[in-house]
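Remarks on the structure that follows.
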Amino acid sequence: MFKKYLLLIIIAISHNVIAHESHDNDPVQDMVSAANNFISSLSKEQKAKAIFNSTDDHREGWYFIPDKFIKPLGERKGLVIKRMNQQQRLLAHALLASAMSSDGYRQAATVMTLEAILHELENKNPIRDPELYYVSIFGNPTLKGSWGWRFEGHHLSININIANGKSFAVTPSFYGTNPARSSKGAFEGLEVLAEEQNLARELVKSFDANQSKMAILPGKAPADIITKQERVAERKTFMPPKGIPFNKLNEDQQQKLSTLIDSYTRKYRPEILHEIYGRKKIHNNVYFAWIGSLKPGEGHYYRIQTNDFLFEYDNTQGGANHVHAVWRDFDGDFGRDILKEHHKEKH
142 MFKKYLLLII IAISHNVIAH ESHDNDPVQD MVSAANNFIS SLSKEQKAKA
192 IFNSTDDHRE GWYFIPDKFI KPLGERKGLV IKRMNQQQRL LAHALLASAM
242 SSDGYRQAAT VMTLEAILHE LENKNPIRDP ELYYVSIFGN PTLKGSWGWR
292 FEGHHLSINI NIANGKSFAV TPSFYGTNPA RSSKGAFEGL EVLAEEQNLA
342 RELVKSFDAN QSKMAILPGK APADIITKQE RVAERKTFMP PKGIPFNKLN
392 EDQQQKLSTL IDSYTRKYRP EILHEIYGRK KIHNNVYFAW IGSLKPGEGH
442 YYRIQTNDFL FEYDNTQGGA NHVHAVWRDF DGDFGRDILK EHHKEKH
């Protein structure tokens, strides 16, 4: 079953690369079409599991842990891939691909395949399953409406909101990998989030003594990202900003930090990012902070924060070979800001 499902993912990846590189589509149109195609394929019972009101509490109930550890049910809400036929699985992946760049979709699909690797490494552990990913649709997918969707499972949470058919929110955006780098087997050397780690380490190692004093915070790296699975990334938790400000970096270091930020954001289609950046300046008042060791294989954490956004990376578990990386929006996770404006206009 694993091999058959992985083949379906490979087919979908190939389709996604061709679709996004051959012409410039409207992402709203693509998502509405993909969501409605997926809905049309579902039975009445499946629709009851997959479709929610836009105000349902499940909308902000996101998780990046395995189903088993989600309380109190021991599983996610939504329609699980495992209970879909082959047509529905492909249509679910078409929905995922409709918001992602080619790189973002490739990384998401590879995160899912890591579950099969863990399944083998952990003596057929049943909680490690690349078919335990869920699709949830919130509201009615229309070209001018406000609605959203989620594609989520262990180490992956993609949360998309659209307001008035024109404004986008893509946070929380979570990618995790375990193992961060595969050390044996057919996938030896596979490292899904290599850029997020390597660029950050290169940046820190380039600092002089004064820069290091500002950028490297004292203490042991935290056991996980600080925001965890909280529904709101509290701005006050990270204020006043700690770390080194962007204007204290030289030109080469600034370029490295900008590219590092891009490694989180360019997982999504450029048209979506263009709209978001039209409302929020991604490089406005940027700070970078690192905690922990600079040596590979030893625990470390870093974060980047701006006036609007927070990027967190933690690699401390499993001998520092287990990554959690997230992009948050202080005011706009789950589209809170754009939906607030939508309601103001409507009323």
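The sequence shown begins at 142 in our numbering and counts up by one.
Beta carbons: idealized from backbone N, C-alpha and C, even for Gly.
With distance defined between alpha-carbon atoms, name the residue in 311, 331, 308, 312 nearest to residue 319. Nearest C-alpha to residue 319: 331.
Judging by CA-CA distance, which residue of 477, 460, 194, 430 is the nearest neighbour of residue 360? The candidate whose alpha carbon is nearest that of residue 360 is 430.
6 Å CB neighbourhood of residue 270 in its chain, flanking five on each side removed: 256.
At a cut of 8 Å, does the region 405-422 reach the region 430-441 through at least three beta carbon pairs? Per the Cβ contact rule, the region 405-422 is not in contact with the region 430-441 (fewer than 3 Cβ pairs under 8 Å).
Option in 171, 395, 322, 479 with minimal Cα separation from residue 235: Nearest option by C-alpha distance: 171.
Residue closest to residue 369, alpha-carbon to alpha-carbon, out of 202, 187, 185: Per the Cα distances, 202.
Just mark residue 380 as buried or exposed, buried being the case when its beta carbon has 16 or more other beta carbons within 10 Å. A residue is called buried once 16 or more other Cβ atoms fall within 10 Å of its Cβ, and residue 380, having fewer, is exposed.
So, helix, strand or coil for residue 352, using DSSP? DSSP, reduced to helix, strand and coil, places residue 352 within a helical segment of the structure shown.
Taking C-alpha atoms, which residue in 314, 428, 376 lies nearest to residue 353? Distance from the Cα of residue 353 is smallest, within the candidate group 314, 428, 376, for 428.
Note the first and the last residue of the continuous alpha helix (DSSP H) segment covering residue 180. Segment 168-181, the alpha helix (DSSP H) holding residue 180.
State the Cα-Cα distance for the pair residue 275 and residue 389, rounded to the nearest angstrom. Answer to the nearest angstrom: the Cα atoms are 43 Å apart.
For the putative contact between residue 188 and residue 180, defined by C-beta atoms under 8 Å, what is the C-beta separation to the nearest angstrom? The pair is a contact, with the Cβ atoms about 7 Å apart (cut-off 8 Å).
Provide the residue span of the alpha helix (DSSP H) that contains residue 244, from first to last. Residues 243-262.
Whole-Å CB distance - residue 292 paired with residue 237, under 8 Å assumed: Indeed, because the Cβ distance is near 5 Å, the residues count as touching under 8 Å.
Report the residue from 475, 216, 446 whose alpha carbon sits nearest the alpha carbon of residue 272. Nearest to residue 272 by alpha-carbon distance, out of 475, 216, 446, is 216.
Which ranges does the beta strand (DSSP E) cover as unbroken runs of at least 3 residues, wholly within the region 420-469, from first to last along the chain? Counting only runs of 3 or more, we get 428-433, 441-446, 450-456.
Grouping DSSP H, G and I as helix and E and B as strand, with all else coil, what is residue 192? It is a strand residue.
Less than 8 Å between the CB atoms is what I'm expecting for residue 479 and residue 302, so what's the real figure, rounded? The beta-carbon separation of residue 479 and residue 302, rounded to 7 Å, stays under the 8 Å limit for a contact.
Between residue 320 and the ligand NAD, is the CB less than 7 Å from at least one heavy atom? Although the ligand NAD was asked about, the structure shown includes no ligands whatsoever.
Span of the beta strand (DSSP E) around residue 300: Taken as a continuous stretch (DSSP letters only), the beta strand (DSSP E) holding residue 300 covers 297-304.
Please report the residue range of the alpha helix (DSSP H) in which residue 405 lies. DSSP places residue 405 inside the alpha helix (DSSP H), whose first and last residues are 392-406.
Mind checking who residue 293 pairs with in its DSSP beta bridge? According to DSSP, which records beta bridges pairwise, residue 293 is partnered with 275, 298.
Which of the three DSSP states, helix, strand or coil, is assigned to residue 476? In the structure shown, residue 476 sits in a helix (DSSP, three-state: H, G or I).
Are the region 390-410 and the region 244-254 touching, with three or more C-beta to C-beta distances below 8 Å? Enough Cβ pairs lie closer than 8 Å, so yes.
Cβ pair residue 287, residue 304 closer than 8 Å: Yes, they are a contact pair.
Short check: CB of residue 240 to CB of residue 334, under 8 Å? Not a contact, by the Cβ cut-off of 8 Å.
I'd like to confirm the pairing. Which residues does DSSP put opposite residue 316 in its beta bridges? Looking at the DSSP assignment, residue 316 forms a beta bridge with 297, 466.
Let's test the definition: count the other Cβ atoms within 10 Å of the Cβ of residue 210 and tell me whether it reaches 16, buried, or not, exposed. Note on residue 210: under 16 other CB atoms within 10 angstroms of its CB, so exposed under the neighbour-count rule.
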